[in-house]
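Below is one structure, written out as structure tokens, with a few remarks after it.
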Amino acid sequence: MRGDWVVIGTAFCYLALLFMVAAWGDRRAEQGRSLIGSPTVYALSIAVYCTAWTFYGSVGRAAQYGPSFLLIYLGPTLAMLLAPFTLRKMVRIAAQQRITSIADFISARYGKSSRLGALVAIMALITITPYIALQLKAITVSHAVLMNYPLGADITLENERFWMDRSFWIAMVLAVFIILFGTRHLDASERHEGMVAAIAVESLVKLIAFLAVGVFVTFIMFAGPGALLAEVAATPALINSMRLENVPGGATGWVGMLLLAFLAFFTLPRQFQVLVVENVDEQHLHRASWLFPLYLLLINLFVIPIALAGLLLGEGDPDSFVLTLPLSAGLEGLPLLVFIGGLSAATGMVIVETIALSTMVSNQLIMPLLLKVKHLYIERHGRLADWLLNIRRIAILLILLMGYLYHALIGDSYSLVTIGLVSFAGVAQFAPALLIGLYWRGATRQGATLGLLAGFFIWFYTLLLPGFAQSGWLKETLITQGPWEISWLSPYALLGLTGWDIYTHSLFWSMLVNVSLLIGVSLFTRPTPLEQTQAALFTEAMHPNLQTTSLWQGETTEGALHALLIRYLGSMATQRVFASQTAQPDTETDAYQRPASKALITRAEQALAGSLGSASASVLINSVLRGEAVDVESVLTILDTTSQALEYNRQLEQKSQELARVGEELRSANERLRELDRMKDEFVAMISHELRTPLTSIRS
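Positions 35 to 734 (our numbering) are the ones given, in order, by the sequence shown.
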């Protein structure tokens, strides 16, 4: 049954099923019957966090370091507890500003800076490449194990020619699938409803597959948890491996790993995509805040039993225990289900991550460059909507090729979890600029840029560069002795800091420098007027009375806006923009010269931002405006007025709360007085009665 064509055919049938689910989801969205309007679907889509790392690597991590694997899931659980606060604020800002990616979000916060957006996009490409390589490695190795067991667990997947490497063809198949899957629409801020529906289905498939193998191993191979633990108790080495303190770096390692997972949950491009960009209703966060942690609990329920069973039976590579255990029992159907579950975990991550990265490449790297090259500027082109989609398709292909190259060059030097943690530490560098910028209005573009650059350099030096040394591309003395034999520059013991695991070590130094530069430089630099406006909009996003302020006083015509939108969005999207403002995109001469309302200009900028990013949209709108930009004094006046209004509203709310409290106290005091008055009347009546009774007796 385990013929090569059976496995490959099953995999292709599964991918075809996903494609049909995606097409069905898109079709329902066009009919006004959205699937992603369900909070359950939204919560399941967040489970794209659980990749091949979870499906295969968690068992491998548990086999080596015991329960410490749970830290990768406790971090997101803590993050979801903040959903009503931080995540809800991010969702609201993204909806207001038509944010398309985490690079666009950070760029918009710091004055719609195209350079900062480009920096974040480049960093995301470099940091996520190892993570994509992890998925390719997981699919390749799991297929090899399935086909070659019992030899497959220990084979090395190396080929002299890339076209003979299965990993290369897996990457190409995924590229074609994602191009068909996620680039049918230009407006990236319009939800990928089909994609979200397919990811929700994949989340169910990988959960069912993992629970199935967990139940089989625990209750059939070992007749229950008690029997399994009894055999483990007879092996002292296994008992020691499951101790809580069995984590690299000890207590510091626990804290570092928890913080790493917490920060990465906010900053992984795919998580930002499903959490923020694809969110259609803030209220969905309430169900997701408990349903997603429940999902994490279920998918990790049998990790330790599977790890213990694999160690007891000596089934080779711990990363493959999920497959090798049912194979060792002579089963055929369950291993195939496990393979499909692992394929779901890997492809789900690659689909969402690649779509998010390709959007960043298109909006933050390519478009700003095109807008600066005169002969490619809008005057020389007609409709560019289809051309922009092709840019994203090419980007998808190149991103997967980068993942394949990393897998081919370095992937065999690391376990699945190790590769994943390298990427986690890389994307964590976005956290200071993202989270501090949400709450501190004083953070500036210069501070964010220098912090990101410094943090990224330290991550590259302390985690990514040693990988090239371990795989033989650089001298291994770089790790053991440091460059030029300067020991205090060793990537794993920077400035003599030893005794920590490599991930906590890298996170500590990179975050220290990143946050210090962000805060320090921001204190000594002055933000631009646009930065100040965006800072106010971001930090005060949850205030119900906050209004978006436009930074221009210029004017344009409906015809000029219509021509601009046609070039970049196409006719259908342009008609929707004009229809939303009850304006008619008439091309007759008189109507063509009608002044565009401020509401129409704002809506046009939002539509462009959804396709090209906020920085490029701002450039394009300004290119068709006639008039002067708002001067610094006017902007500061607007900001002061807004701040004063918000402060006044806060004071009114406080006064209202105080009045309500005082009123409640007065009501309570009044009730007590009434009660005392009633008791007084009763007492007087009783005394009067007692006094009258003896006097009556004397008279008689």
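A virtual CB, placed ideally from N, CA and C, is assigned to each residue, including glycine.
Beta bridge counterpart(s) of residue i as assigned by DSSP
{"i": "P629", "result": "T591"}
Anticipated Cβ contact below 8 Å, residue i with residue j, distance rounded
{"i": "A379", "j": "T88", "result": "6 Å"}
{"i": "A172", "j": "A86", "result": "3 Å"}
{"i": "I433", "j": "T388", "result": "5 Å"}
{"i": "F139", "j": "T301", "result": "Wrong, their Cβ atoms sit about 10 Å apart, outside the cutoff."}
{"i": "A641", "j": "V611", "result": "5 Å"}
{"i": "V310", "j": "I70", "result": "The pair is not a contact, with the Cβ atoms about 13 Å apart (cut-off 8 Å)."}
{"i": "G150", "j": "Y144", "result": "Rather than Gly, the amino acid found at residue 150 in this sequence is Leu. The pair is a contact, with the Cβ atoms about 5 Å apart (cut-off 8 Å)."}
{"i": "M383", "j": "Q169", "result": "6 Å"}
{"i": "L541", "j": "A459", "result": "6 Å"}
{"i": "V386", "j": "V55", "result": "So it is not a contact: roughly 15 Å between Cβ atoms."}
{"i": "L391", "j": "I136", "result": "Not quite, the Cβ-Cβ distance comes to about 10 Å (not below 8 Å), so this is no contact."}
{"i": "V451", "j": "G100", "result": "Not quite, the Cβ-Cβ distance comes to about 13 Å (not below 8 Å), so this is no contact."}
{"i": "T559", "j": "Q480", "result": "5 Å"}
{"i": "V251", "j": "L359", "result": "5 Å"}
Per-residue burial, residue i [other beta carbons within 10 Å of its own, 16 or more giving buried]
{"i": "G248", "result": "buried"}
{"i": "Y183", "result": "buried"}
{"i": "Q317", "result": "exposed"}
{"i": "K146", "result": "buried"}
{"i": "L655", "result": "In the sequence as presented, Leu is not what sits at residue 655; that position holds Ile. So I655 ends up on the buried side."}
{"i": "L710", "result": "exposed"}
{"i": "L78", "result": "buried"}
{"i": "F119", "result": "exposed"}
{"i": "H409", "result": "A caution first: H409 carries a pLDDT of 47, below 50, which makes its placement in the model too unreliable to give a value."}
{"i": "E639", "result": "buried"}
{"i": "W288", "result": "buried"}
{"i": "W605", "result": "In the sequence as presented, Trp is not what sits at residue 605; that position holds Ser. By the neighbour-count rule (16 or more Cβ atoms within 10 Å), S605 is not buried but exposed."}
{"i": "V461", "result": "buried"}
{"i": "W421", "result": "exposed"}
{"i": "S702", "result": "exposed"}
{"i": "F46", "result": "exposed"}
{"i": "W543", "result": "buried"}
{"i": "K632", "result": "exposed"}
{"i": "G258", "result": "exposed"}
{"i": "L331", "result": "exposed"}
{"i": "L497", "result": "buried"}
{"i": "L729", "result": "Its pLDDT being 46, under 50, L729 is placed unreliably by the model, and the measurement read from it follows with that caveat. Exposed, by the Cβ-count rule."}
{"i": "R122", "result": "buried"}
Close-in-space but distant-in-sequence residues of the same chain around residue i (CB under 6 Å, 5 per side omitted)
{"i": "G516", "result": "L523, S524"}
{"i": "G260", "result": "none"}
{"i": "T483", "result": "L150"}
{"i": "W474", "result": "none"}
Sequence-distant residues of the same chain with beta carbon closer than 8 Å to residue i, five excluded per side
{"i": "R126", "result": "E316, A575, M576"}
{"i": "Q98", "result": "S275, P352"}
{"i": "L180", "result": "R36, V41, G186, L357, L361, P369, L370, F373"}
{"i": "E265", "result": "F256, L346"}
{"i": "L292", "result": "L105, L108, G109, L112"}
{"i": "R321", "result": "P73, T74, Y76, A77"}
{"i": "K599", "result": "Contrary to the premise, residue 599 reads as Leu rather than Lys in this sequence. So the list reads A607, T608, V611, A638, A641, L642, once near-sequence residues are dropped."}
Own chain, CB closer than 7 Å to residue i, minus 5 neighbours either side, in chain order
{"i": "I333", "result": "C84, T88, L241, F244"}
{"i": "R427", "result": "I213, T217"}
{"i": "A234", "result": "V75, L78, S79"}
{"i": "F296", "result": "G109, L112, A113"}
{"i": "I721", "result": "none"}
{"i": "P164", "result": "Y440, I453, V456, S457"}
{"i": "P38", "result": "Reading off the sequence shown, one finds Asp at residue 38, where the question assumed Pro. Cβ neighbours of D38 beyond the five flanking positions: M181."}
{"i": "V239", "result": "I374, G375, S378"}
{"i": "I470", "result": "A477, L552"}
{"i": "A142", "result": "Q131, I133, Q568, S648"}
Residue i Cβ short of 8 Å to the ligand ATP heavy atom set
{"i": "W493", "result": "Only the bare structure without any ligand can be found here, which leaves the ligand ATP out of the picture."}
Quiz item: Mind pulling the alpha helix (DSSP H) runs of 4 or more residues that sit fully within the region 330–378?
Solution: 337–347, 355–362
Self-check item: Completely contained alpha helix (DSSP H) runs for the region 69–133, where each covers 4 or more residues
Solution: The region 69–133 contains these whole alpha helix (DSSP H) runs: 73–80, 92–99, 105–115, 122–131.
Practice problem: Jot down the residue ranges of each uninterrupted alpha helix (DSSP H) in the region 232–288, minimum 4 residues, whole runs only, in chain order. | Solution: 259–267, 270–275
Practice problem: Could you pull out every unbroken beta strand (DSSP E) segment of at least 3 residues lying fully inside the region 132–192, listed in chain order? | Solution: For secondary structure counted as the beta strand (DSSP E) over 3 or more consecutive residues, the region 132–192 holds no complete run.
Quiz item: Along the chain, which unbroken stretches of the alpha helix (DSSP H) at least 4 residues long are found entirely within the region 440–521?
Solution: Fully enclosed alpha helix (DSSP H) runs of 4 or longer: 450–461, 479–493, 499–504, 511–514.
Practice problem: Please specify which runs of the alpha helix (DSSP H), each continuous and at least 4 residues long, are wholly inside the region 547–581, giving them in chain order. | Solution: 563–573
Quiz item: What runs of the beta strand (DSSP E), each 3 residues or longer, lie entirely inside the region 291–330?
Solution: The qualifying runs do not exist here; there are none.
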